[in-house]
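Asks: Just dropping this structure here.
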Amino acid sequence: MARRFYETVSVEAVSEGFIVLLDDRKLMTPAKKLLALPYAKLAEAIAEEWRQVDGEILLSDMPMSRLVYTALDRVSEAYDATAQAFASYGETDLLCYRATHPEALVQRQDEIWSPYLDWVKSTYDVSLQIGAGITPIEQSRESIEALTQVALGKEPNPYRLTGLAHGAGLLGSAVLALQMESGDDKTENIWHAAFLDEFFQFEQWGEDQEAMARLDGMKREIDTLSDYFSLFFS
1 MARRFYETVS VEAVSEGFIV LLDDRKLMTP AKKLLALPYA KLAEAIAEEW
51 RQVDGEILLS DMPMSRLVYT ALDRVSEAYD ATAQAFASYG ETDLLCYRAT
101 HPEALVQRQD EIWSPYLDWV KSTYDVSLQI GAGITPIEQS RESIEALTQV
151 ALGKEPNPYR LTGLAHGAGL LGSAVLALQM ESGDDKTENI WHAAFLDEFF
201 QFEQWGEDQE AMARLDGMKR EIDTLSDYFS LFFS
């Protein structure tokens with residue numbers, strides 16, 4: 001991996017959008033596309049990641065840059081397929097698969113998860129069925145198509161769709177990804193909803209340090225994605 005080769009990082013408005021300059025060199029994606037964004041705050045967030053580089057350039061430390069690279073190099077080239085992949089999470093959505101026991105867990109899942117399903121129904125007219133145990137749930141074709149249309153959006157937006165697809169994979173739930181995009185709920189609540197079973201086990205048997213470290217890492221990713229979505233509206 002290359003080492004830092006530039007002194008200054010800046011954002012400039014050009015006809016294509018907001019670009020990031022490393023000294024006087026335009027930042028390009030791995031596929032050699034110009035990184036030109038419609039969102040000034042997102043461009044500035046990416047610029048800040050490049051300012052923070054000290055020595056080796058590690059994309060693993062640059063989550064905003066990775067998301068935008070994905071949007072430009074991959075999602076924009078497979079937009080419909082990405083929307084369909086997002087909607088497919090509705091077929092196995094975490095929130096739809098409920099425990100059969102113990103009763104305390106059954107009640108916790110209903111209390112925490114059902115309001116999200118009510119929200120996606122009232123907001124997007126997407127009705128997802130719930131079931132108990134691991135038996136596959138057959139969701140209606142209409143519901144999956146509705147999720148696809150939500151993901152496609154009124155106008156193509158690969159940045160938004162990248163966030164939704166990443167969120168669905170991260171959380172195991174298309175519904176929670178949409179909730180994150182809306183900004184209507186705290187990331188702390190979404191984190192606890194996505195990993196409800198793990199937190200319930202901690203309550204019963206005590207906290208496992210290795211498992212908690214993994215969940216803390218997931219929380220950081222959730223916070224980053226929340227920040228990413230918020231930059232669309234800044």
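For the sequence shown, the positions run 1 to 234 when full-length UniProt numbering is used. C-beta atoms are modelled at their ideal positions from N, C-alpha and C, and glycine is treated no differently.
Along the chain, where does the alpha helix (DSSP H) that runs through Phe-86 open and close?
Replies: Segment 79-88, the alpha helix (DSSP H) holding Phe-86.
Asks: Where do the N-terminal and C-terminal ends of the beta strand (DSSP E) with Phe-18 fall, by residue?
Replies: Looking at the DSSP string, the run of the beta strand (DSSP E) that includes Phe-18 is 17-22.
Asks: Could you name the residues of the same chain whose beta carbon sits closer than 7 Å to that of Ala-146, not counting the 5 residues immediately before and after it, in chain order?
Replies: So the list reads Tyr-124, Asp-125 and Val-126, once near-sequence residues are dropped.
Asks: Return the chain-ordered ranges of every alpha helix (DSSP H) run that is complete within the segment 23-87 and spans a minimum of 4 residues.
Replies: Within the segment 23-87, the complete alpha helix (DSSP H) runs of at least 4 residues are 40-51 and 63-73.
Asks: Nearest to Arg-98 by alpha carbon, out of Glu-48, Pro-136, Glu-142 and His-192?
Replies: The shortest C-alpha separation from Arg-98 is found at Pro-136.
Asks: Report back the beta-carbon spacing between Leu-215 and Glu-198 to the nearest angstrom; my notes put them in contact at under 8 Å.
Replies: With a Cβ gap of about 6 Å, Leu-215 and Glu-198 count as contacting.
Asks: Per DSSP, what are the beta-bridge partners of Ala-132 in this structure?
Replies: Note: Ala-132 sits in a beta bridge opposite Arg-98.
Asks: Within 10 angstroms of its Cβ, does residue 242 collect 16 or more other Cβ (buried), or is it exposed?
Replies: Because the chain in this structure spans residues 1 to 234, residue 242 falls outside the shown range and cannot be described.
Asks: Excluding the 5 residues flanking Val-11 on each side, which residues of the same chain have their C-beta closer than 8 Å to its C-beta?
Replies: Cβ neighbours of Val-11 beyond the five flanking positions: Phe-18, Ile-19, Val-20, Leu-21, Ala-40, Ala-43, Glu-44 and Ala-47.
Asks: When the Cα of Leu-152 is compared with those of Pro-38, Arg-220 and Thr-82, which residue comes out closest?
Replies: The residue with the shortest Cα to Cα distance from Leu-152 is Thr-82.
Asks: List the DSSP bridge partners of Arg-3.
Replies: Answer is Glu-56.
Asks: Distance, Cα to Cα, Tyr-228 vs Ile-112?
Replies: Going by the C-alpha atoms only, they are around 25 Å apart.
Asks: Pull the bridge partners of Ser-127 from the DSSP assignment, please.
Replies: DSSP output for Ser-127 lists no bridge partner at all.
Asks: If you reduce the DSSP assignment to three classes, tell me which class Glu-221 lands in.
Replies: If DSSP states are grouped into helix, strand and coil, Glu-221 belongs with the helices.
Asks: Is Ser-173 helix, strand or coil by DSSP?
Replies: Coil at Ser-173, not helix or strand.
Asks: Please name the residue in Ser-122, Gly-133, Phe-86 and Ala-211 whose C-alpha comes closest to that of Leu-105.
Replies: For Leu-105, the nearest C-alpha among the options comes from Gly-133.
Asks: Is the beta carbon of Ala-71 closer than 7 Å to that of Thr-162?
Replies: Yes, the pair counts as a contact, with Cβ atoms nearer than the cut-off.
Asks: On the three-state DSSP scale, how would you describe Glu-12?
Replies: Strand.
Asks: Can you round the beta-carbon distance between Ile-222 and Trp-191 to whole angstroms, since I take them to be within the 8 Å contact cut?
Replies: That pair is a contact at about 5 Å.
Asks: Report the CB separation of Tyr-89 from Ala-174 in whole angstroms; it is logged as a contact under 8 Å.
Replies: About 4 Å separates the two Cβ atoms, so the contact holds.
Asks: Between which two residues does the alpha helix (DSSP H) carrying Asp-197 extend?
Replies: Unbroken alpha helix (DSSP H) run through Asp-197: 196-205.
Asks: What span of residues does the alpha helix (DSSP H) with Leu-152 cover, start to end?
Replies: Element bounds for Leu-152: 141-152.
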